[in-house]
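Undergrad:
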Amino acid sequence: MDIALGTLLSPIVLFFLLGLVVALLRSQMTIPEAFAKGLAIYLMMSIGLKGGVAISKGDLGWDAGFVMISAIALSFLLPVIAYALLRTTTRLSEVDAAATAAHYGSISIVTFVAAGQATAAAGLETSGYLVAVAALMEVPAIISALIIAQRGAAQPGSVAGSDRGELAREVLLNASVVVLLGSLLIGWVTGEAGMKTVAPFFVEPFQGVLCLFLLDMGLSAGRGLRNGWRQLGPGTIAFGVYMPLVSASLAAGVAALNEMGPGDAALLITLAASASYIAVPAAMRLALPKAKPSIYLTLSLGITFPFNLIVGLPLYIWLANAISAGAA
Amino acid sequence: MDIALGTLLSPIVLFFLLGLVVALLRSQMTIPEAFAKGLAIYLMMSIGLKGGVAISKGDLGWDAGFVMISAIALSFLLPVIAYALLRTTTRLSEVDAAATAAHYGSISIVTFVAAGQATAAAGLETSGYLVAVAALMEVPAIISALIIAQRGAAQPGSVAGSDRGELAREVLLNASVVVLLGSLLIGWVTGEAGMKTVAPFFVEPFQGVLCLFLLDMGLSAGRGLRNGWRQLGPGTIAFGVYMPLVSASLAAGVAALNEMGPGDAALLITLAASASYIAVPAAMRLALPKAKPSIYLTLSLGITFPFNLIVGLPLYIWLANAISAGAA
Amino acid sequence: MDIALGTLLSPIVLFFLLGLVVALLRSQMTIPEAFAKGLAIYLMMSIGLKGGVAISKGDLGWDAGFVMISAIALSFLLPVIAYALLRTTTRLSEVDAAATAAHYGSISIVTFVAAGQATAAAGLETSGYLVAVAALMEVPAIISALIIAQRGAAQPGSVAGSDRGELAREVLLNASVVVLLGSLLIGWVTGEAGMKTVAPFFVEPFQGVLCLFLLDMGLSAGRGLRNGWRQLGPGTIAFGVYMPLVSASLAAGVAALNEMGPGDAALLITLAASASYIAVPAAMRLALPKAKPSIYLTLSLGITFPFNLIVGLPLYIWLANAISAGAA
Amino acid sequence: MHSRLRLELIIERMAAPRACKLLEAAGLTGYTVLPAISGFGGETRWSRDTDMSASSDMVVVISIGAEAQVHAALNQLENLLGSHIGVLSVGEVQVLRPGRF
Amino acid sequence: MHSRLRLELIIERMAAPRACKLLEAAGLTGYTVLPAISGFGGETRWSRDTDMSASSDMVVVISIGAEAQVHAALNQLENLLGSHIGVLSVGEVQVLRPGRF
Amino acid sequence: MHSRLRLELIIERMAAPRACKLLEAAGLTGYTVLPAISGFGGETRWSRDTDMSASSDMVVVISIGAEAQVHAALNQLENLLGSHIGVLSVGEVQVLRPGRF
Ligand SMILES: Nc1ncnc2c1ncn2[C@@H]1O[C@H](COP(=O)(O)O)[C@@H](O)[C@H]1O
Ligand SMILES: Nc1ncnc2c1ncn2[C@@H]1O[C@H](COP(=O)(O)O)[C@@H](O)[C@H]1O
Ligand SMILES: Nc1ncnc2c1ncn2[C@@H]1O[C@H](COP(=O)(O)O)[C@@H](O)[C@H]1O
Ligand code: NA
Ligand code: NA
Ligand code: NA
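Residue numbers (the numbering used here), protein chains in the order written: chain A, 606 to 933; chain B, 606 to 933; chain C, 606 to 933; chain D, 50 to 150; chain E, 50 to 150; chain F, 50 to 150.
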């Protein structure tokens, strides 16, 4: 498979692997947290702006609306499936299973970005509104998982008695939702003309910045794995690999129903298959403090993210091509 | 007004508004301080270099010297007016009034940068030496305000017995003075040739970096407002809006006297109208520790900065055009 | 000398001097550590990638292998000479002398980068594998110095009983070795095609980023000098100036033996002449905690780095031209 | 010198604002929050470098206060902190300006 | 174990260097400065995120020392700190290597 | 309230992981590491701004524990810390949930 090799040998994947290997070898090297967090905000502004400009050029039709609604439904649904799978195939407690499930219903923005690069490399076209879809899929999974946790014996016992308003604000106004949607809107309003002035910062250097960021993600994933792998049984590790495939299949169905083009379908499938490691952990810490971060973080960042980046992406693109060929 | 709309819909203003709204909605999102501070130094190096290169191409005549001297005088004078206005129209204590007055005599470099963008968008030409003017206007207001405070009953009671030498060093060698003047000199010495090698970093991405920085400023301004607005009476808030207009009028007079072109005049007017929120607060904390930062910071960053960015800039450009049309 | 003036008036040297002067004048301005460390990683990724791409285009012959082996030998040898000189001409204790010697056998990556700029400006061609040479010269000097320290009366008494494995990992997997070699490999594998996608981040802005980084180095060097110069006797200061010349002469011999071209020779000479101030201090702190950082850091960053940057570079280029003219 | 209490609360960064509100409500006149970079508790180690979400970051809240206020704060914090959050300790210190606390 | 005093000074970042000089002058053999990220005092809350000038940033200076030196430092700090700056407290601690302090 | 000990170790950042392993080995149930930004000891001052290698950075390790565990840790730390590293002190504190420590 050409795409698979192309993906594997892209600078971003190689830098991720470099970080991973270095961390597993127990190097002490780090990229300062403040610097990496700054780059993360840059990346989100950039894809938001690009999405907004893309929307400003075309027009958002009914079909985009249907995709958005399906995506939200998917984000609500996936944690239910994930929870059921975790409870039947692993020994995770109810609260750990619920917290982990939330991660797999939500999305990983860096996986989305990498999918954007891979689809472009594969010559597929994508629509700007998928950035909005990404932002919309972040939150529903959290709500879904909290309902699951509350139904089970696992009383949430929220952190420090924080009321629901606080939690809602934390979740709905978390950095990635805010920056993605805000930048999308700004890109939409200012359009091509506004973009031209900021492109030398937000467009051209984007792939290079991504390399630096993925080096850091490799370091984090490797360190997380080294510290946390003992807490993951084989069933949990397997979940980190097959759950993305389950989500991808469902998303492929949604994409087929909506008759999405292959590029857009690949992005939607990737979103469903990806698992959160920034927004959801933070929310879980507030809402389900009894759940162990070492489980859900290690699984999402240490297992699922590398799987998606290296094995998943070419697969999802192939799947997207298959369903749209079927549709046509 | 075309300029007003253009300003309002520019990416930098929109990102500022995004940050402001998000902070007022009490989102927890932040841009790491170290990252934002790094960007601030980048911005100052960039405008310093550009100013220096501009000077190296033309020649600094007597008129530039006159403008510089007038600007220094303005920076000395404005705190006197501000102090008188604050003492007569608000309930601020002597020391709070003096500290606040210092901010309005000094300048905001980001407002200056935004004015540079706006004048360029309006098709006006500006001279490089205005960067030096900006640096020169930072400090005199501080001295002026300290003299006022000492005259009043408000004994300074400097922080931790710091001697004057320490204060002078802090004030004269603060980061923005040093980086602006240093980069100006370097740009002047290395000229166009040196600039070419660093332009892909210091010139092309500039506007994009500014967007990221203004997102952070919006967040700071919004949080400052939320925490501090209770301490500001209506009189103080009004001051934050009309004082820039007072300063702008005086600066317009200076510009007319010096027969400055419309672009340069707009920049000088903006400098006078802008209020410091980095260099002066730090100096006040050392020199007038009894003054409340929550007052002067909230006023300068939360009221005056947004006012200048959104309402002020188009107004100052219009004013600059008016006086130079009158002069011609 | 044209090259000397060109070097002295290059933006990077001027920004270094700006930082140096400002710090000596006791300004409090700083560039946040996290930001500067992020830039350092960027710089290493960039030169690693560029070196790798250069290798991917040519072919690595036996001569490159010989140069690498000679360079490693040089890094082992230089601390022995440095130690002997320090013990005979200064009052440094055995452990301080050994720790300092390690710095001069190892290398400074920023000096190497500056040499790259200067050779390019002088119209000389250089080979990509020199980046690997740089990485290979980082570590041997540390081993060499530890053997010296152990032979002398100076019992290492390693930090907190750290075993050798920990020290080895710290030294062999330190950030610069890892990032340089890793990026070199990635550049080699992805070649020109991969580079094209990341060039707007890793290539074009490089010189500008270097300016910002050197401003920070000037600040560090100046502060180090101000705090630490009392601990340096005249003999030690002299060593900081003549030791680079000793190393440069030896490296020139190696370059002549290997019949290196003038550009490559200049880089090798610069590597030998430069002294570490990041990787080696960290290793010494673990391995020889009794050695005083204020001595070796002040000497390496405060004396030798500025000397090399301002006086050394033109000299080394001249020397490299001389030997290759002799060889031809 | 006058005797006062020094309350030290090691707590999840996300839960800190809530705890701080309680300190204010209990009448303490001030507190200061310090960042932590790594730690260990129960069976797990955390550190900034392994967690991009910063969700396991801790902070340390220090508050110097009079006995009455510190005890008021303790009572409320006890309810607030579940069994899963925070490490709370109180020590005795001497201060110079007793009026402040 | 030997008894020593632990001085803890919560102080404005800009005023800290001056206070540190006093500690050195009082004969204390060492101190360590920690950054704070937010706080509350009087009527106002500060945090890094609301203040681009960092002018209200605080730091915490810790110094372990013998009674004589700590008391010497206290006397001088008392003068130095106006009524508006810094929170100073002293606690008792045990140390292993008494010769150091 | 129950009496416990508060161990505070000011130590070189690079040596900290080793010291932390000892704390775990001594049976302490937790610790938290705080970064320092500058300091003074012996004859030298250090600060983040003067040292690009961060090789003189210090951190502060705090651990609340029961007497037995803290004393076990002290014994081992005493051997570990040469004469050149770390400042170790122990103070008494009161805690609410004694079972934790
Ligand atoms: N005994 C302790 N002393 C100091 N810090 C602790 C202690 N126990 C827990 N911590 C801190 O609290 C965090 C959470 O611990 P735990 O609540 O036991 O999972 C740890 O990672 C440490 O940073
Ligand atoms: N009682 C206290 N305990 C701990 N920190 C305090 C206390 N009082 C004041 N502070 C710190 O000192 C800063 C200034 O307080 P103040 O001097 O009261 O305005 C606050 O923002 C806190 O960071
Ligand atoms: N008495 C002390 N109190 C607090 N910190 C100290 C003390 N002595 C040393 N330190 C810290 O330990 C570092 C190394 O000190 P030293 O081991 O004396 O060279 C200093 O830079 C301080 O950060
Ligand atoms: Na998902
Ligand atoms: Na002004
Ligand atoms: Na060398």
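Think of the CB as a built atom: it goes at the ideal place given N, C-alpha and C, for glycine as much as any other residue.
The structure displayed is predicted, hence computed values, not measured ones.
1. Does the beta-carbon of M50/E have 16 or more other beta-carbons within 10 angstroms, so that it is buried, or is it exposed?
2. What do you get for P839/A, buried or exposed, if any count of 16 or more other CB atoms within 10 angstroms of its CB means buried?
3. Quick one: using the 10 Å Cβ neighbour count with 16 as the cut-off for buried, is K801/C buried or exposed?
4. Take A765/B and list the residues in its own chain whose beta-carbon comes closer than 7 Å to its own, dropping the five residues that flank it on each side.
5. Below 8 Å between beta carbons is the criterion; list the residues of the segment 52 to 78 of chain D that meet it against any residue of chain E, in chain order.
6. Comparing the C-beta of P810/A with each C-beta of chain C, is any distance below 9 Å?
7. Which residue spans inside the segment 823 to 906 of chain A form an unbroken alpha helix (DSSP H) run of at least 4?
8. When burial is assigned at 16 or more other CB atoms within 10 Å of the CB, is S713/B buried or exposed?
9. Using a Cβ-Cβ cutoff of 7 Å, what residues of the segment 619 to 643 of chain C are near chain F? List them in chain order.
10. At the 9 Å Cβ level, is V814/B part of the contact set with chain A, yes or no?
11. Could you please give me the residues that DSSP links to P84/E through a beta bridge?
12. Roughly how many whole angstroms lie between the Cα atoms of I874/B and V618/B?
13. Below 8 Å on the Cβ atoms is my guess for G135/E versus T78/E; work out the distance and round it to an integer in Å.
14. Nearest CA to the CA of A68/D: which residue from L145/D, Q143/D, Q125/D and F150/D?
15. For a test of your reading of the model: does the CB of W834/A fall under 8 Å from any non-hydrogen atom of ligand 1? Yes or no.
16. So, A884/C versus A703/C, is the Cβ gap smaller than 9 Å?
17. Short check: CB of V110/E to CB of L58/E, under 9 Å?
18. Looking at chain C, which residues of the segment 103 to 119 of chain F have a Cβ within less than 8 Å of any of its Cβ atoms?
19. Can you tell which of A871/C, G796/C and L906/C has the C-alpha that lies nearest to the C-alpha of F717/C?
20. Between which residues of its own chain and L665/B is the CB-CB distance below 8 Å, once the five residues before and five after are set aside?
21. Of all the options P637/A, I636/A, L625/A and M649/A, which has the alpha carbon lying nearest to the alpha carbon of V736/A?
22. Please report the residue range of the beta strand (DSSP E) in which R55/E lies.
23. Less than 8 Å separating the Cβ of A628/B from some heavy atom of ligand 2?
24. Does the distance between the C-beta of L872/B and the nearest non-hydrogen atom of ligand 5 fall short of 8 Å?
25. Run the proximity test for L137/F: is its beta-carbon closer than 8 Å to any non-hydrogen atom belonging to ligand 3?
26. In this structure, how does DSSP classify I712/B when only helix, strand and coil are distinguished?
27. Helix, strand or coil for F150/E, going by three-state DSSP, please let me know.
28. Going by beta carbon distance, what residues of the same chain come within less than 6 Å of A759/B, once the five residues before and after it are set aside?
29. When the Cβ atoms of the segment 886 to 896 of chain B are set against those of the segment 907 to 919 of chain B, are three or more pairs found closer than 8 Å?
30. Hey, does S825/C have any beta-carbon neighbour from chain F nearer than 9 Å?
31. Counting along the chain, where does the alpha helix (DSSP H) carrying G125/F start and finish?
32. Which ranges would you report for the alpha helix (DSSP H) in the segment 661 to 737 of chain A if only whole runs of at least 4 residues count?
33. Please tell me whether L614/A has its Cβ less than 9 Å away from any Cβ of chain C.
34. Does the separation of the CB atoms of R62/E and D106/E fall below 9 Å?
35. Counting only the same chain and skipping the five closest in sequence on each side, list residues whose C-beta sits under 8 Å from that of T81/F.
TA: So, from the data block:
1. Exposed is the call here.
2. That one is exposed.
3. exposed
4. Because the pLDDT at A765/B is just 46, under 50, the model does not fix this residue reliably, and the value given afterwards should be weighed accordingly. Nothing meets the Cβ criterion.
5. R53, R55, C69, L72, E73 and T78
6. yes
7. 839 to 862, 867 to 878, 884 to 892 and 898 to 902
8. buried
9. T635 and E638
10. yes
11. Answer is V108/E, bridged to P84/E.
12. Those two C-alpha atoms are separated by around 19 Å.
13. The Cβ separation is near 22 Å, so there is no contact.
14. Q125/D
15. Outside the cutoff, so no.
16. no
17. yes
18. A103, S104 and S105
19. If we check each option's Cα against that of F717/C, A871/C comes out closest.
20. Cβ neighbours of L665/B beyond the five flanking positions: Y734.
21. M649/A
22. Counting along the chain, the unbroken beta strand (DSSP E) around R55/E starts and ends at H51 to E61.
23. no
24. For L872/B, the distance from the CB to the nearest heavy atom of ligand 5 is not below 8 Å.
25. no
26. coil
27. In this structure, F150/E counts as coil in the three-state DSSP scheme.
28. Any reading at A759/B must be qualified, since the residue scores a pLDDT of 48, below 50, and its modelled position is unreliable; the value itself is stated next. Hits under 6 Å: E699 and V700.
29. No: fewer than three Cβ pairs fall under 8 Å.
30. yes
31. According to the sequence provided, residue 125/F is Gln. The question's Gly does not apply to it. Unbroken alpha helix (DSSP H) run through Q125/F: E116 to L129.
32. Runs of the alpha helix (DSSP H) inside the segment 661 to 737 of chain A: 667 to 694, 699 to 710 and 714 to 726.
33. yes
34. Yes.
35. V110, I111 and S112
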